[in-house]
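The block underneath contains the structure these notes are about, expressed in structure tokens.
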Amino acid sequence: MPKLSPDTGPQRTLTVSNLVNAVGSGLFLTAGVLYFTEAAHLPAATVGLGLGIAGLLSLAVGIAAGHLADRHGARGVSVATLVVQALATAAFVLADGFWPFVLAVSAATGAKAAGLAARAPLVRHYGGDRPQEFRARLRAVTNVGISVGALLAGLAVQAGTVGAYRLLVVGNACAFAASAAVLLLLPPVAPAPVARGPRWIALRDRPYLTLTALDGVMAIQFKVLTVAIPLWLVRSTTAPHWLVSGTMLTNTVLVVGLQVRASRGIDSPRSGGLAYRRAGAAFLGSCALVPLAAGAPAGVAVAVLVAAVVIHTVGELWHAAGGFEVSYALAPPHATGQYLGVFGLGAGLAEAVGPALLIALCVGWGRPGWYLVGALFAVTGLLTPLAVRRAEAVRAPEPAPASEPACASEPARVPEPVRVPEAARVPAAARVPASAVRRTLTRTGR
Numbered sequence: 477m478p479k480l481s482p483d484t485g486p487q488r489t490l491t492v493s494n495l496v497n498a499v500g501s502g503l504f505l506t507a508g509v510l511y512f513t514e515a516a517h518l519p520a521a522t523v524g525l526g527l528g529i530a531g532l533l534s535l536a537v538g539i540a541a542g543h544l545a546d547r548h549g550a551r552g553v554s555v556a557t558l559v560v561q562a563l564a565t566a567a568f569v570l571a572d573g574f575w576p577f578v579l580a581v582s583a584a585t586g587a588k589a590a591g592l593a594a595r596a597p598l599v600r601h602y603g604g605d606r607p608q609e610f611r612a613r614l615r616a617v618t619n620v621g622i623s624v625g626a627l628l629a630g631l632a633v634q635a636g637t638v639g640a641y642r643l644l645v646v647g648n649a650c651a652f653a654a655s656a657a658v659l660l661l662l663p664p665v666a667p668a669p670v671a672r673g674p675r676w677i678a679l680r681d682r683p684y685l686t687l688t689a690l691d692g693v694m695a696i697q698f699k700v701l702t703v704a705i706p707l708w709l710v711r712s713t714t715a716p717h718w719l720v721s722g723t724m725l726t727n728t729v730l731v732v733g734l735q736v737r738a739s740r741g742i743d744s745p746r747s748g749g750l751a752y753r754r755a756g757a758a759f760l761g762s763c764a765l766v767p768l769a770a771g772a773p774a775g776v777a778v779a780v781l782v783a784a785v786v787i788h789t790v791g792e793l794w795h796a797a798g799g800f801e802v803s804y805a806l807a808p809p810h811a812t813g814q815y816l817g818v819f820g821l822g823a824g825l826a827e828a829v830g831p832a833l834l835i836a837l838c839v840g841w842g843r844p845g846w847y848l849v850g851a852l853f854a855v856t857g858l859l860t861p862l863a864v865r866r867a868e869a870v871r872a873p874e875p876a877p878a879s880e881p882a883c884a885s886e887p888a889r890v891p892e893p894v895r896v897p898e899a900a901r902v903p904a905a906a907r908v909p910a911s912a913v914r915r916t917l918t919r920t921g922r
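So the working numbering is basically just the index in the sequence shown, starting at one, shifted up by 476.
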């Protein structure tokens, strides 16, 4: 088991807050859709449309929240996003129609995206010499919290009553509120000094935007385990349906046990880019293996699907570790929140379009669709190291803050007057007027 215990007090506070937050997220990820369809009695198509709208509306929220965290302090902005998320989640109990549902879920989804961006400066400030490694620990802890939330949500799903589902929603809101309360114990981080130049520098950084787009394509892999494999397992294989939970448990255990270790050797943007390449190859292998479960005996189908999930999880570990490295290392310290907010756009787009794309290709088209998705991941992995090298090539020295002089530590030197030796001084009476010198030069043609 990797070392997940934090090294410092602030790291412990961030970890506990993240763990409590993840428990609430695990409740919603497991049974959120079931609450809206079974307890709120909304049609499944309506729920899908509302979630898609919420995902699109939340794309730009992370950039704005990250910028606010850079300029006004990351702790206060992070706490505010958790409070909004708690209130919006509590409002789910009032979502008895399409528009109340869209408003509530859009507020909750937007607050979640804003919170991820606002937390980035805290991770960088308190993460020590290697904030990327601390971020990997947080991801492992997040999976522990999601597993706990999933187990609690299973009790509500097993009961199947409206009261049980509403209790799940209330518990979700309380988890976000508790996470905000824990985060208040964190020492505040002073806002970064304002730097000269344009305000929205991340949106002008084309190499970083290219990496964001590539990461967005690669982030579709998260939906393979939650959308494509479950549907393929149920519709196209003879594997028992309980294997849907088994594959998710396998993935979670591997992430908790190996994410920190997978991040240790990735300590530069170039090694992060190479991690994307390895991840793409792993996803290609996994996507080529999954179709082999169709038509096979139940035991063979189980073995094939579990092997595919293990290979996919290895790719996920490399993808996450590479993403941590390039997103933080290529972001200037004075604009960490803004840059990480931009980087989150890729994952947001994958969240919005990934399920429909995978259903159309992997489930609708079948075997060729799986091969095409795997090839898409592999090509993305090959392109990412090239994009990283380009981003490194155009990195400029960070501009000096506007509030401080460029060399504040060294006072400006005033040149001393030149001392002329006494013997070399010309008596005042012998000095030639400047007007006479000019007339002489004019006559001689000089």
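Don't be surprised by glycine CBs; every beta carbon is placed ideally from N, CA and C.
Task: Those runs of the alpha helix (DSSP H) which lie wholly inside the segment 761-805 and span at least 4 residues - done: With a minimum length of 4 residues, the continuous alpha helix (DSSP H) runs that stay inside the segment 761-805 are 774-805.
Task: Reference residue 771, options 808, 713, 548 and 534, closest by Cα - done: For this step, residue 771 is matched to residue 295 along the sequence shown. The shortest C-alpha to C-alpha distance from residue 771 to any of 808, 713, 548 and 534 is the one to 713.
Open item on the list: Ignoring anything shorter than 3 residues, give me the beta strand (DSSP E) runs that lie fully in the segment 663-740, in order along the chain.
Closed with: For the segment 663-740, not a single whole beta strand (DSSP E) run of length 3 or above is found.
Open item on the list: Buried or exposed, going by whether 16 or more other CB atoms sit within 10 Å of the CB of residue 634?
Closed with: The count along the sequence shown starts at 1 and reaches residue 634 at position 158. Result: exposed.
TODO: Please work out which residues of its chain come closer than 6 angstroms, Cβ to Cβ, to residue 609, disregarding the five sequence neighbours upstream and downstream, and give them in chain order.
DONE: Residue mapping note: residue 609 aligns to position 133 of the sequence shown, counting from 1. Here residue 609 has 739 as same chain residues with Cβ atoms under 6 angstroms from its own Cβ, once five neighbours each way along the sequence are excluded.
- [ ] Can you grab the Cα-Cα spacing for the pair residue 775 / residue 715, in whole Å?
- [x] Locating residue 775 in the sequence shown gives position 299, where the first residue counts as 1. Locating residue 715 in the sequence shown gives position 239, where the first residue counts as 1. Rounded to the nearest angstrom, the two C-alpha atoms are 7 angstroms apart.
Task: Beta-carbon proximity check, residue 503 vs residue 648, cutoff 9 angstroms - done: As a first step, residue 503 is located in the sequence shown; it is residue number 27 there, counting from the start. As a first step, residue 648 is located in the sequence shown; it is residue number 172 there, counting from the start. Going by C-beta atoms, residue 503 is nearer than 9 angstroms to residue 648.
Open item on the list: Since residue 745 and residue 846 should fall inside the 8 angstroms C-beta cutoff, what is the C-beta to C-beta distance between them, to a whole number of angstroms?
Closed with: For the purposes of this step, residue 745 is taken as the residue at position 269 of the sequence shown. For the purposes of this step, residue 846 is taken as the residue at position 370 of the sequence shown. Not a contact, Cβ separation roughly 31 angstroms.
Open item on the list: According to DSSP, simplified to helix, strand and coil, what is residue 546?
Closed with: The sequence position of residue 546 within the sequence shown is 70, counting from 1. If DSSP states are grouped into helix, strand and coil, residue 546 belongs with the helices.
- [ ] Indicate the three-state DSSP secondary structure (helix, strand or coil) for residue 758 in the structure shown.
- [x] By one-based count along the sequence shown, residue 758 stands at place 282. DSSP places residue 758 in helix when its eight states are reduced to three.
Task: Proximity winner among 582, 790 and 782, relative to residue 720 (alpha-carbon distances) - done: To locate residue 720, count along the sequence shown from 1; it is residue 244. When 582, 790 and 782 are compared, the shortest CA-CA separation from residue 720 is found for 782.
Task: Touching by the beta-carbon criterion (3+ pairs, under 8 angstroms), the segment 535-551 and the segment 591-601 - done: These segments touch.
TODO: Spell out whether any CB of chain C is found under 9 angstroms from the CB atom of residue 568.
DONE: In the displayed structure, chain C is absent; only one protein chain is listed.
Task: Opening and closing residue of the alpha helix (DSSP H) in which residue 575 lies - done: Indexing the sequence shown from 1 puts residue 575 at position 99. Start and end: 574-602.
TODO: For the alpha helix (DSSP H) holding residue 846, just list the boundary residues, first then last.
DONE: As a first step, residue 846 is located in the sequence shown; it is residue number 370 there, counting from the start. DSSP places residue 846 in the uninterrupted alpha helix (DSSP H) bounded by 843-869.
TODO: Kindly indicate which residue of 853, 823 and 516 has the alpha-carbon position closest to the one of residue 764.
DONE: Counting from 1 along the sequence shown, the entry for residue 764 is found at position 288. It is 853 whose Cα lies nearest to the Cα of residue 764.
TODO: Alpha carbon to alpha carbon, how far is residue 563 from residue 582? Give it in angstroms, no decimals.
DONE: The count along the sequence shown starts at 1 and reaches residue 582 at position 106. The count along the sequence shown starts at 1 and reaches residue 563 at position 87. Spanning the alpha carbons of residue 582 and residue 563 requires a straight line of approximately 12 angstroms.
- [ ] Please report the residue range of the alpha helix (DSSP H) in which residue 519 lies.
- [x] Here residue 519 corresponds to residue number 43 of the sequence shown, with the count starting at 1. Under the DSSP assignment, residue 519 falls outside any alpha helix (DSSP H); it carries neither an H nor an E label.
- [ ] Look at the alpha carbon of residue 731 and the alpha carbon of residue 785, and state the distance between them as a whole number of angstroms.
- [x] By 1-based counting over the sequence shown, the position of residue 731 is 255. By 1-based counting over the sequence shown, the position of residue 785 is 309. Cα to Cα, residue 731 sits roughly 12 angstroms from residue 785.
Open item on the list: Between which two residues does the alpha helix (DSSP H) holding residue 831 run?
Closed with: Looking up residue 831 in the sequence shown gives position 355. 812-834 is the extent of the alpha helix (DSSP H) around residue 831.
Task: Status (buried if at least 16 other CB within 10 Å, exposed otherwise) for residue 809 - done: For the purposes of this step, residue 809 is identified with residue 333 of the sequence shown, where counting begins at 1. Result: exposed.
Task: Identity of the residue in 655, 684, 596 and 717 nearest residue 667 by Cα - done: Position 191 of the sequence shown, counted from the start, is the residue given in the question as residue 667. If we check each option's Cα against that of residue 667, 596 comes out closest.
- [ ] Could you spell out where the alpha helix (DSSP H) holding residue 618 opens and where it closes?
- [x] Your numbering for residue 618 matches position 142 in the sequence shown. Segment 607-635, the alpha helix (DSSP H) holding residue 618.
Open item on the list: Using the three-state DSSP reduction, which class does residue 808 fall into: helix, strand or coil?
Closed with: Here residue 808 corresponds to residue number 332 of the sequence shown, with the count starting at 1. Coil at residue 808, not helix or strand.
- [ ] Return the residue from the list 793, 865, 512 and 840 that minimises the CA-CA distance to residue 638.
- [x] Walking along the sequence shown from the start, residue 638 turns up at place 162. The option with the nearest alpha carbon to residue 638 is 512.
Open item on the list: If I follow the unbroken alpha helix (DSSP H) through residue 650, where does it start and stop?
Closed with: The residue you call residue 650 lines up with position 174 of the sequence shown. Residues 638-659.
Open item on the list: Going by beta-carbon coordinates alone, are residue 537 and residue 621 separated by less than 9 angstroms?
Closed with: Taking the first residue of the sequence shown as position 1, residue 537 is located at position 61. Taking the first residue of the sequence shown as position 1, residue 621 is located at position 145. Inclusion of residue 537 and residue 621 in the CB contact set at 9 angstroms is not warranted, their separation being larger than that value.
Task: Length of the line joining the Cα atoms of residue 702 and residue 708 - done: Against the sequence shown, residue 702 aligns to sequence position 226. Against the sequence shown, residue 708 aligns to sequence position 232. Those two C-alpha atoms are separated by around 11 angstroms.
Open item on the list: Distance check for residue 769 and residue 824, CA to CA, integer angstroms please.
Closed with: Numbered from 1 along the sequence shown, position 348 holds the residue referred to as residue 824. Numbered from 1 along the sequence shown, position 293 holds the residue referred to as residue 769. C-alpha of residue 824 to C-alpha of residue 769: approximately 31 angstroms in a straight line.
Open item on the list: Using C-beta distances below 8 angstroms, list every residue in its chain close to residue 684, excluding the 5 sequence neighbours before and after it, in chain order.
Closed with: To locate residue 684, count along the sequence shown from 1; it is residue 208. 678, 806, 807, 815, 818, 819 and 867, listed in sequence order.
TODO: Return the chain-ordered list of same chain residues with a C-beta closer than 7 angstroms to the C-beta of residue 528, the five sequence neighbours on each side being excluded.
DONE: For the purposes of this step, residue 528 is taken as residue 52 along the sequence shown, with counting starting at 1. Within the same chain, residue 528 has close Cβ partners 828.
Open item on the list: In whole angstroms, give me the CA-to-CA distance for residue 560 and residue 650.
Closed with: Along the sequence shown, read from residue 1 onward, the residue named residue 560 stands at position 84. Along the sequence shown, read from residue 1 onward, the residue named residue 650 stands at position 174. In this structure, the CA atom of residue 560 is about 12 angstroms from the CA atom of residue 650.
TODO: Give the single residue among 553, 619 and 510 whose Cα lies nearest to the Cα of residue 636.
DONE: Translated into the one-based positions of the sequence shown, residue 636 becomes position 160. For residue 636, the nearest C-alpha among the options comes from 510.
TODO: May I ask you to report which of helix, strand or coil DSSP gives residue 742?
DONE: For the purposes of this step, residue 742 is identified with residue 266 of the sequence shown, where counting begins at 1. Look at residue 742 here: in three-state DSSP terms it is coil, with no helix or strand label.
- [ ] For residue 838, collect the residues of the same chain with a Cβ closer than 7 angstroms to its Cβ; drop the 5 residues on either side in sequence, then sort them by chain order.
- [x] For the purposes of this step, residue 838 is taken as the residue at position 362 of the sequence shown. 704, 708, 845, 846 and 849, listed in sequence order.
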